[in-house]
Structures are given as structure tokens and as C-alpha cells.
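Residue numbers (this note's numbering): 1 to 119.
Shown next as C-alpha cells:
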């Protein structure tokens, strides 16, 4: 990613969707710190995979929000004046994609800025 874009700042946004959570998921509306820990753990995983070059002057920050993933990403991009969105995709196709929907596809359609989808 850094070869192509050379960004000044990268924000890793973790979106927790309470509608998709199981019974043992942290309470997103309570004072439970489990949600923050989950977001921190997920962000650290993404940061490890991000592989920021050591000579890079890129600032990397993490944040988390609660809500519908596609809507939250699009709103965040708009509210924070993001230049570009990079989003992952599970690579589903056919019936599973139709039944489950695609967060990445919704972001591509609704985003106010360019979107790169990676698998």
C-alpha cells in the first residue's frame, strides 16, 4: 500500500456491529471495556499486517466505532475528510454474496472518496 499511495496518515477504523455479535459479545452500549479491548486487539492485528516501512513518515492511528459497518465507514470518510478508503473483502461470490450482502460493495457505491478493495 505504501508503495502506491505514500500517505501522510493512515487510520485503522474498527467497526463493531452489535447486530452481528453473538451472545458472548461485549455490551456495546454499556461501560464494558471488552469492546475497547476487542477493538485494540483487532487494530493491532491490522497494524502488524500493514507493515509500515521504518523510514516512512506516515502517522498511523487507530479508532473504533459502533454501528452498521458500511454506513459507519462512509460517514467516517465524509466526516473526517479522508482522501482514500482501503477496505478488505472476504471474496464471497454468487449466492453467498447476495444473501449476506457486501460491506465493501456498499462502501464502494456510497463513498464520497475513492475506494480500494483488497482480498
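Beta carbons are placed, not taken as given, at the ideal position from N, Cα and C, and that holds for glycine.
| Check | Outcome |
| --- | --- |
| Across the segment 63 to 71 and the segment 9 to 16, are there enough close Cβ pairs to call them in contact, namely three or more that are closer than 8 Å? | yes |
| Could you check which residue in 41, 89, 102, 111 has the C-alpha nearest to that of residue 81? | 111 |
| Please determine, among 90, 11, 113, 76, the residue with the shortest C-alpha to C-alpha distance to residue 126. | No answer is possible for residue 126: it lies beyond the span of the chain, which begins at 1 and ends at 119. |
| On the DSSP bridge list, what partners appear for residue 61? | 11 |
| For a test of the three-state rule: what should DSSP assign to residue 45, helix, strand or coil? | helix |
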